[in-house]
Structures are given as structure tokens and as C-alpha cells.
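Numbering (the UniProt record's numbering), first residue to last: 1 to 282. Heads up, the beta-carbon is just placed ideally off N, CA and C, and yes, glycines get one too.
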């Protein structure tokens, strides 16, 4: 008889600066290793997590999501003697463990969810932001870890004009590093640039999902347009070429933040997961 398990949904934020990305790597500090080690310390056995979307080394998150399956009998003991249900007790204990060695990771919410919830495949969209301080006059040492300090001033209007040609359902092979047996077809819902009150540029990028390096490649391409190195129409031409070449550049990782992962109502979790898996398999 299979062991009964309770699936939990964990929402958390992190400063990606000290980590070599999300995914575990031998001998290197990663966000996944930090989170799973903390869970294992509490549960007293290895716990595997499934993430909504991997982030590269140095990329930050305001709202990342994972799910994990905990043996039901152990889950019931998480509160110990505290007058709390297992989920809030786990939230308190997990943050306590992380605070010792990983103060840049904060768990905001833990929920019990049915087994049909999948942090990766049930998601309907991901939203990122990216900040750029363009021109030496806008450089601020206080923001150097969260903004790309770009030497040239950028034309935001040209960046927005060119970005319009990238919206919609396309093959984004020109702007990503393909993984084996994975599709590079995505639906880009928004790619826009605006000035913040202090003059820095903030990009907003939303899609159903992103390929490896896709956001950073899109930002780098738009910056070439903003710097006058390429005309706005070049972005659409690169997209149509559907090939990764030496023209594919990457913006620095530290300016990128995963802002939000969105899910449908709980009644649609299973259907959405099946739909996403079928699209990826094809």
C-alpha cells in the first residue's frame, strides 16, 4: 500500500545574489538546496520540491512557488506542542531554520493542497521585472545589485515600439537556449518599458512560461534597440529567423526579478496541468 502523503504549496521570496540559481548543483549553493535542506531538517527525511520556474544564478524572486509531498503521519506532527495547524507551524519552523544560514530566503505562505496541484504545470503565467539605470548620471551604488548599470542612455520609446512585434504566440528560439526535448514556443503577453520616478527604466515581462534565458535575451535585444545599435524592426526580424546565433546576448542576471506566478481556480488545476504537459510533449 502506497504511503499517504500531504501535498503542500510553498510561496517564498529570495535574494538570488548568493546562489548559483534555483536548481541543485553539486558543491554549489542554490535556492533549491537551501529550501530542501531546511524541509529535510524539520521532516527528518529528504523532501523533493517541484518549482514553478527555474531562475538563473543571480536572479531574484518576490513570489516563487513550489510544491512538495510530505508523509501524512509526519505532517500531522509538525506543530509539536504548539497550538497551531501543520501549515502555519511549518511556516514558522521553516523560516526559523532558514534564518540561520539563508537569511535571503523568506517563506511567505504554506498551504495544504490536493495532489492535482502542480507548481510548474498548473501555472497559467509568470511575470518578471527588470531594472536598468541608463547613463552614468542615473547610476546609484545602492541599487547596483538589482539594476543593470548601462553606460549609454536608452530610448524607451524605440524599445517599446520594437517590443510590440514580439507579442503573441511565437517560436522564441532566437531568444532562448533550448533544452533537450523542450519546445521553444511561448505566448508573450507583455513586454513594456517605463521610467521610474528616479529616472531608471523598469521592464515588465509576462508570458505563459519562459524558455531558458529567454527574459534576459529579450531584455538585451531591446537594450540594443534603445541604444541605437539596432532599429526597432530588428526585434521582429530576429524573432522570425527562429535561430540562436551570436546576435543572441544576455542581460546581466542581477536586474531580473520573478514577480509573480499565477494559477487558475483550484477546480482548474488538474485540467491546466494536463493541458500544459500535452503542449510541452508535442
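Spatial distance of residue i from residue j (CA atoms)
i           : j           : result
residue 69  : residue 44  : 14 Å
residue 201 : residue 134 : 7 Å
residue 119 : residue 159 : 33 Å
residue 240 : residue 74  : 53 Å
residue 18  : residue 58  : 7 Å
residue 77  : residue 260 : 31 Å
residue 20  : residue 275 : 31 Å
residue 141 : residue 264 : 40 Å
residue 155 : residue 228 : 8 Å
residue 282 : residue 183 : Legend: pLDDT at residue 282 = 47, less than 50; position of this residue unreliable, value from coordinates given subsequently. Answer to the nearest angstrom: the Cα atoms are 8 Å apart.
residue 233 : residue 110 : 45 Å
residue 207 : residue 53  : 12 Å
Which of helix, strand or coil DSSP assigns to residue i
i           : result
residue 22  : coil
residue 57  : coil
residue 187 : strand
residue 249 : coil
residue 175 : helix
residue 165 : helix
residue 52  : coil
residue 282 : Low confidence applies to residue 282: its pLDDT is 47, below 50, so where it sits in the model is not reliable, and the reading given next is rough at best. In this structure, residue 282 counts as coil in the three-state DSSP scheme.
residue 89  : helix
Start and end residues, beta strand (DSSP E) containing residue i
i           : result
residue 6   : 5-14
residue 131 : 125-134
residue 80  : From DSSP, residue 80 is part of no beta strand (DSSP E); its letter is neither H nor E.
residue 258 : 256-262
residue 149 : 148-150
Residue range of the alpha helix (DSSP H) that includes residue i
i           : result
residue 223 : 214-226
residue 105 : Note, residue 105: premise wrong, no alpha helix (DSSP H); beta strand (DSSP E) at 105-113.
residue 241 : 233-241
residue 43  : 31-43
Member of the options whose CA lies at the smallest distance from the CA of residue i
i           : options            : result
residue 127 : 6, 256, 229        : 256
residue 16  : 270, 252, 93, 193  : 252
residue 245 : 173, 36, 204       : 173
residue 130 : 220, 88, 264, 33   : 220
residue 181 : 278, 230, 149, 204 : 278
residue 146 : 80, 30, 203        : 203
residue 3   : 105, 272, 10, 71   : 71
residue 123 : 87, 89, 150, 63    : 63
Exposure label - residue i; buried when at least 16 CB within 10 Å
i           : result
residue 168 : exposed
residue 144 : exposed
residue 114 : exposed
residue 108 : exposed
residue 61  : buried
Any non-hydrogen atom of the ligand SAH closer than 6 Å to residue i Cβ
i          : result
residue 14 : No copy of the ligand SAH occurs in the structure displayed, which carries no ligand at all.
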